[in-house]
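Take 66 as the starting number for the sequence shown in the working numbering and just add one per residue.
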Amino acid sequence: MIDILASNPLLLLFTVSAIGYLIGRIKIGGVSLGVAAVLFVGLAFGAIDQRLRLPDIIYLLGLVIFVYTIGLSSGPGFVSSFRRRGLRNNLFIGGLIVVAAGIAALLRILLGLNGAQTAGLFAGSLTNTPALAAVIEQLSRRGADEALRAEPVVGYSVAYPVGVLGMILSIYLTRRLWQIDLQQEVQHLREFGTIGDHLVNRTIRITNPAVQGQTIAELVKTRGWNVIFSRLQHDGQVELATGTAQLSVGDLINIVGSPAMVERVIADLGEPTSTELTLDRHTLDFRRIFVSNPTVVGVPLRDLNLPSSMGAIITRIRRGDVELLPHGDTVLELGDRVRIVTQRDNMDRVSAFFGDSYRSLAEVDVVSLGLGTALGMLVGLIPIPLPGGGSFSLGLAGGPLVVALFLGWRGRTGPIVWSLPYSANLTLRQVGMTMFLAGVGTRAGYSFVTTLTQGNGLLLFLGGALITIPVAMLTLFIGYKLLKIPFSVLTGMLAGLQTQPAVLAFANEQVGNEAPNIGYAMVFPTATVLKIVFAQILLG
């Protein structure tokens, strides 16, 4: 069997991947390794026989696909995170990564490590695969031999478990030590709009004479409502509730929004009614439609002007597993599902406008994917000078990531749509990550076992703990006690600093709301880019 696997790299790749995914699903204390288990299975196979190693092209291809798709999906959130307090929070996380790099540099001196081991230790203690990839690629470009290229993988692999468990343990202990009431905090976050609830539909009877004759657009602007109006019944006739529609006492109007905001609108307009306008589908109808037409992607909804151009209103957008309330500056992405309200005989026309083709969403635009990836690889080759001489480059890990962040934020350039359908992005990302982890794992397996049994494996493990745990405790203490960041959001920021989905999953389980996801998305791109840069600096 070993001879068969050694002579068939693709068979080895799929075997390692399948076993890794099975092991990754095993939960211990509610936590699983997930896709990271592929790395450890690869290490095990590589340790069995030195011939069980995948070609370089497999992990390099996986690396580029992985970081590029992450950048595309993170681009819009990365740019928007700098609004309000996002800049402060990103600077805060950036400073902690500098601290982590400083600890790693100190450990290099104290433990007598070389640059490759130090860089791998840094990447593993902060569980950042793109940073590891950047180090390996940099060593390859310098002509390093196989043994030297395995050293950062060894450091990464030894430090990785404490990188996950240390963060989770820090969240668990600080929550109980500081006696944080998460339910009370969640209510506070909802009141200030930091997180929202599920969206609800309500029909209101207008009884407030103060709104008589005012348009919906005027009321939304003056009263700051964050809801969508879909249907208006006036004198027995049901019509679309556009911004120019005037309200009168006795009208019925249908609204969509979070429960708290809906209650506020009800208090301003009148009273809830048992009549449900959504049940009357004789004149106006609704349908969920897939966005598969590239021409509507990357364009703000206000520019599409659907009420005037198509006689339709979008009341909700479902992106992945999340429902969003549309606004004028909302930009649609391929794969979104929009809930449309329009005239019954106009529904087919509106469906054709958005595309509504599930099949086309499974197809990847190879032109935009190829151009964006190639541009990212070229940017990764650009040497960036360092103070005091020397230089570094973003490489295959950082170049595609930086370019993808920009292209994901832009959405489209002329006829080229840079974003990928949500499902296609997730699939490519998972495939890329699997190829990379299986590749580097099999190539470093023999060195990994040698280090643990004969080398300084215990020192590397302790070194990882000395990076992970102080950084985690500093993040939670400074963020919660000094910067007054809500603990729910802060746990997500800690997971983003760690770029670790397992930590995010634990934070979500502890908190029970989407606040950690907000913190995670806010700092994830910044943390990824900075760790790629500092890992290469530590390689030195």
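Ideal Cβ placement from N, Cα and C applies to all residues, glycine included. In this text, all values refer to a predicted model and were calculated from it rather than measured experimentally.
Item	Value
Along the beta strand (DSSP E) that carries S339, what are the first and last residues, could you check?	Here S339 belongs to no beta strand (DSSP E), and DSSP marks it neither H nor E.
Would you grab the beta carbon distance between L312 and T338 for me? Rounded to a whole angstrom, and I think it's under 8 Å.	Rounded, the Cβ-Cβ distance is 15 Å, inconsistent with contact.
Under a Cβ-count criterion, where at least 16 other Cβ atoms within 10 Å of its own Cβ denotes burial, should A112 be classed as buried or exposed?	buried
T192: buried (16+ other C-beta within 10 angstroms of its C-beta) or exposed?	buried
Roughly how many whole angstroms lie between the Cα atoms of L523 and L119?	27 Å
If I follow the unbroken alpha helix (DSSP H) through A198, where does it start and stop?	T194 to R206
Report the start-end ranges of each beta strand (DSSP E) in the stretch 251-319 that is 3 residues or longer and not cut off at the edges.	265-271, 293-299 and 302-305
Would the stretch 223-231 count as touching the stretch 526-537 if we require 3 or more Cβ pairs under 8 Å?	yes
Among residues of its own chain, excluding the 5 on either side of Q408, which ones have a beta-carbon nearer than 8 Å to its beta-carbon?	T348, L349, D350 and G376
Cα-Cα, which of G185, G561 and S190 is closest to L213?	G185
What span of residues does the alpha helix (DSSP H) with L172 cover, start to end?	G151 to L176
Verify the CB distance criterion: does Y487 have a CB-CB separation below 8 Å to chain D?	The structure shown contains no chain D, having only a single protein chain.
What whole-angstrom Cβ distance do V429 and V396 have, given they're in contact under 8 Å?	20 Å between Cβ atoms; not a contact.
Nearest-angstrom Cα distance between T259 and V554?	Annotation note: pLDDT 48 at T259 (below 50); position unreliable, coordinate value reported separately. If you take the alpha carbons of T259 and V554, they lie about 9 Å apart.
Among the residues of its own chain, which have a CB less than 6 Å from the CB of P359, if the five just before and after it don't count?	V482
Determine the contact status of V223 and L434, defining contact as a CB-CB distance below 8 Å.	no
Can you tell me the Cα-Cα spacing of P551 and L541, whole angstroms?	10 Å
Could you compute how far the alpha carbon of R296 sits from the alpha carbon of R383?	20 Å
Are there 16 or more other CB atoms within 10 angstroms of the CB of S139, so buried, or fewer, so exposed?	buried
Look at the Cβ atom of V133, then the Cβ atom of G504, and state whether they are nearer than 8 Å.	Looking at the sequence shown, residue 133 is not Val but Tyr. No. Outside cutoff.
Determine the extent of the alpha helix (DSSP H) in which V415 is found, giving its start and end residues.	M412 to F419
Is there contact here, the stretch 149-162 with the stretch 583-596, by at least three beta-carbon pairs under 8 Å?	yes
Is the beta carbon of I354 closer than 8 Å to that of S63?	Only positions 66 to 605 of the chain appear in the structure, and residue 63 is not among them; the question remains open.
How long is the line joining the alpha carbons of A509 and N179, rounded to whole angstroms?	17 Å
May I ask which residues mark the beginning and end of the beta strand (DSSP E) holding Q565?	Where Q565 is concerned, there is no enclosing beta strand (DSSP E), given that its DSSP letter is neither H nor E.
Quick check on R404: does DSSP put it in helix, strand or coil?	strand
Which stretch, first to last residue, makes up the alpha helix (DSSP H) that contains D333?	P324 to L334
Just reading off the alpha helix (DSSP H) that I84 is part of, what are its end residues?	P74 to G89
According to DSSP, what are the bridge partners of F351?	V406
Would you report the Cα separation of F233 and G159, rounded to the nearest angstrom?	Position check: residue 233 holds Ile in this sequence, whereas Phe was assumed. Cα-Cα distance, rounded: 20 Å.
Can you give me the start and stop residues for the alpha helix (DSSP H) that T24 sits inside?	Nothing about residue 24 can be reported from this structure: the residues present for the chain run from 66 to 605 only.
Taking A439 as the reference, give the member of V129, T194 and F79 with the closest Cα.	V129
Rounded to the nearest angstrom, what separates V330 and I281 at their Cα positions?	12 Å
Please look up how many angstroms separate the CB atoms of D114 and A181, rounded, as I've assumed it's under 8 Å.	Between A181 and D114 the Cβ distance is about 24 Å, and since that is not below 8 Å, they are no contact.
Inspect the beta-carbon positions of A600 and A199 and report whether they are closer than 8 Å.	yes
Write down the C-beta distance between I378 and L369 rounded to the nearest angstrom, noting that I regard them as a contact closer than 8 Å.	Going by Cβ atoms, the distance from I378 to L369 rounds to 11 Å, so no, they are not a contact pair.
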